[in-house]
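Following the working numbering, the numbering of the sequence shown begins with 417 at its first residue and continues without gaps.
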Amino acid sequence: MLKLCELSKSYGQVQALDALSLEIGEGQLHGFVGPNGAGKTTTMRILATLLKPTSGTAQVNGADVVRSPAEARKQIGWMPDFFGVYDSLKSWEYLDFYARCHRLGTKERKQMTDRLLALVHLEDKRDAYVDSLSRGMKQRLCLARALIHDPKLLLLDEPASGMDPRARADMKSILRTLREMGKTVLISSHILPELSEMCDSLTILDHGHLVFSGSVAELSDKMNGNAPLIIRLQEGCGGETVERAVACLKEMPFLQELLQEEPYCLKARLEGGEEETARMLRELIRQEIPVCDFHRAPMNLEKVFMEVTGDA
Ligand SMILES: Nc1ncnc2c1ncn2[C@@H]1O[C@H](COP(=O)(O)OP(=O)(O)OP(=O)(O)O)[C@@H](O)[C@H]1O
Ligand SMILES: [Mg+2]
């Protein structure tokens, strides 16, 4: 659905985007993460045909954004990070106005307006003036606007910024519905945990460079490959049992580090992957050590973000 090839953009001396290559399949909800100034908005504006790249190409469903902008635009719904809304219009009039811009017929406009107001949970604000809506409601109205011509690809630049937790949850449920409708969505944010919860795949950008691109599971594997194993023994099993567990683990040739976090909790870092992890657990059980919990410490996404973007 979306294919970027060595896409670059400089503003004078500032290289905002440096040879970004990326492919996003149809129906994917793809997160675009990076700190301030990473190049997220620049990329999205190029895709939305509002900005010309310095070099490289981008295609939306086969349409080149530079050579066939009109064709590309038909496939794209764009929700910018800052947007103006016409305050003197009612919500339905606002959507109707954009539907007219896209040359929808009278019946189609009515249907689409009703459907979209329902989708973004603003049915009861149908006749409210846009300037009477809260910021979160305006954002949802703007999302409805981006959907008015039924585009295949949605470009959402920080759609949840400034929203309270409930509004964010609401936005997530709307995004899930969009995915069920088969839309492809590229959504930017600088909050990695928030995106990883709802996206199928992610791209992390920093200073215009691609840092990571892949599924959320791949990111967690990559970052978590060397996360320590937490081994909790049965509470009160006795010092002698803990000592046996320590001795057993120290026997493992692939053990890198062993810490005793609490009287009955050990933390082991090992070299290797699943095979070694399984071997470790097997050996503990064979020696009848009462293991109650055996898991990898969950990855701290905020920490991952700081690490991969070099701002730690
Ligand atoms: N119109 C412009 N003129 C000059 N430099 C620009 C312009 N727009 C963006 N830049 C620069 O390009 C770089 C990338 O900016 P961009 O807005 O794409 O980042 P972003 O990832 O969207 O950041 P944010 O999270 O703050 O929205 C920054 O260094 C920025 O200063
Ligand atoms: Mg931005």
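We put the beta carbon where it would ideally sit given N, CA and C, even for glycine.
Non-local beta-carbon contacts of Ser631 in its own chain, meaning distances under 6 Å to residues more than five positions away in sequence, involve Ser617 in chain order. Distances between the C-beta of Thr457 and the heavy atoms of ligand 2 include at least one below 8 Å. Counting along the chain, the unbroken alpha helix (DSSP H) around Arg592 starts and ends at 581-596. Here Pro581 is exposed: its Cβ has fewer than 16 other Cβ atoms, across all protein chains shown, within 10 Å.
Here the region 598-608 makes contact with the region 573-589; the two share three or more CB pairs at distances below 8 Å. DSSP, reduced to helix, strand and coil, places Ala713 outside both helices and strands of the structure shown, so it counts as coil.
Counting only runs that start and end inside the region 421-500, the alpha helix (DSSP H) elements of at least 4 residues fall at 456-463, 485-491. Distances between the C-beta of Glu610 and the heavy atoms of ligand 2 are all 8 Å or more. The straight-line gap separating the alpha-carbon atoms of Met587 and Arg461 is approximately 22 Å. Taking all protein chains shown into account, Asp547 has fewer than 16 neighbouring C-beta atoms within 10 Å of its C-beta and is therefore exposed. For the pair His537 and Ile590, the CB atoms are nearer than the 9 Å cut-off.
Between Leu436 and Leu626, the C-beta spacing is below 9 Å.
Look at the beta carbons and you see the region 449-461 touching the region 417-432: at least three pairs across the two are nearer than 8 Å.
A buried status is given to Tyr680, since no fewer than 16 other beta-carbon atoms sit within 10 Å of its beta-carbon.
With contact defined as three or more Cβ pairs closer than 8 Å, the region 693-708 and the region 664-677 are in contact.
Val601 is bridged by DSSP to Leu445, Leu570. Between the C-alpha atoms of Asn477 and Ile440 there is a straight-line separation of about 10 Å. Proximity to Leu549 across Ser507, Val707, Val662 peaks at Ser507, based on C-alpha coordinates.
If the five residues before and after Glu610 are omitted, its C-beta is found closer than 8 Å to the C-beta atoms of Ala576, Arg584, all from its own chain and listed in chain order. About 7 Å separates the Cβ atoms of Ile705 and Leu649, confirming a contact at the 8 Å cut-off. At the C-beta level, Thr593 and His446 stay beyond 9 Å of one another.
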